[in-house]
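So the structure is just underneath, and the comments pick up after that.
In my numbering, the protein residues as written are 805 to 1079.
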């Protein structure tokens, strides 16, 4: 791998997400040469938000490609990866904020660990999130549920079975070979990684490859999201029976328990900002 490989940041979007401004601003601030990465946005249709913020990126010297296909997120990633010119594909979502050293640290780890094809890291809840979103972030950050994924500065890089596509930098040839399931959502990234590993590849997690990810701000929206994740996880298990893991269900029950505690003490709990 080159010292500064070209990186394609691929982001599927509906084009209506209110957080896209923060995302584009964080792309502009990345501590990586602007002539060494590009931004590829794949939306359902051209909206004012996409057009406005893509122009801001271009004005700041970032090569920006817009693609419009009203297809599921996994297929958007396939389309973006095929269009990409980078050696690496950096996947994230349209409601994230990238830390300045996001690409730099990912490249560093992939250069130091050449037998790994991809790397990801934690996705924290932004400080400016609403109270419910922060509460969810605190629960995700609980050591009771996660031993390393949301812990910054307290874990070392390690091999992992899955990196969510809100924070995943991976070699382009792997993406174009394996491809995301075109009709599976959400959870298409889980199924993708199962096939990445089955193909004999390894992926890495590192605590210094950081993004901030906005959570659902209302309980009803969050519960709907979790229900959809659970339904798709069952579908993935049927597709890949060997991927069944009881720890996933233990996590679900533990999460429900902690969320119940949150609702019970909603009026008394003090929400602390994560840093």
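Just so you know, even glycine gets a beta-carbon here, dropped at the ideal spot from N, CA and C. Nothing here was measured: the structure is a model prediction, and the numbers come from that model.
Find the nearest neighbour of residue i within the set the options, judged by alpha-carbon distance.
| i | options | result |
| --- | --- | --- |
| residue 998 | 885, 976, 967 | 967 |
| residue 902 | 1017, 979, 1042, 1046 | 1017 |
| residue 851 | 916, 821, 814, 989 | 821 |
| residue 888 | 835, 1001, 929, 841 | 841 |
| residue 1001 | 846, 815, 922 | 922 |
| residue 825 | 814, 813, 856 | 856 |
| residue 914 | 1045, 811, 845 | 811 |
| residue 899 | 918, 809, 988, 831 | 831 |
| residue 837 | 927, 911, 817 | 911 |
| residue 879 | 985, 862, 960 | 985 |
| residue 1042 | 891, 807, 1006, 995 | 995 |
| residue 874 | 926, 849, 866, 931 | 849 |
| residue 829 | 806, 843, 861, 814 | 861 |
Note down the Cα distance separating residue i from residue j, rounded to an integer number of angstroms.
| i | j | result |
| --- | --- | --- |
| residue 1012 | residue 907 | 10 Å |
| residue 1008 | residue 858 | 31 Å |
| residue 956 | residue 924 | With a pLDDT of only 49 at residue 956, under 50, the local geometry of the prediction cannot be trusted, and no value is derived from it. |
| residue 885 | residue 928 | 25 Å |
| residue 816 | residue 1046 | 29 Å |
| residue 818 | residue 1014 | 23 Å |
| residue 823 | residue 918 | 34 Å |
On the three-state DSSP scale, how would you describe residue i?
| i | result |
| --- | --- |
| residue 877 | helix |
| residue 1041 | helix |
| residue 834 | coil |
| residue 1003 | coil |
| residue 894 | strand |
From the DSSP output, read off the bridge partner residues of residue i.
| i | result |
| --- | --- |
| residue 1017 | 900 |
| residue 1009 | 924, 962 |
| residue 1148 | What is shown of the chain runs 805 to 1079, which leaves residue 1148 out entirely. |
| residue 808 | Answer is none; residue 808 lacks a bridge partner. |
| residue 841 | 811 |
For this session: Check whether the stretch 891-902 touches the stretch 962-978, counting contact only when three or more Cβ pairs, one atom from each stretch, lie closer than 8 Å.
Result: yes
Exercise. Is the stretch 858-873 touching the stretch 975-986 in the sense that three or more CB pairs, one from each, lie closer than 8 Å?
Worked result: no
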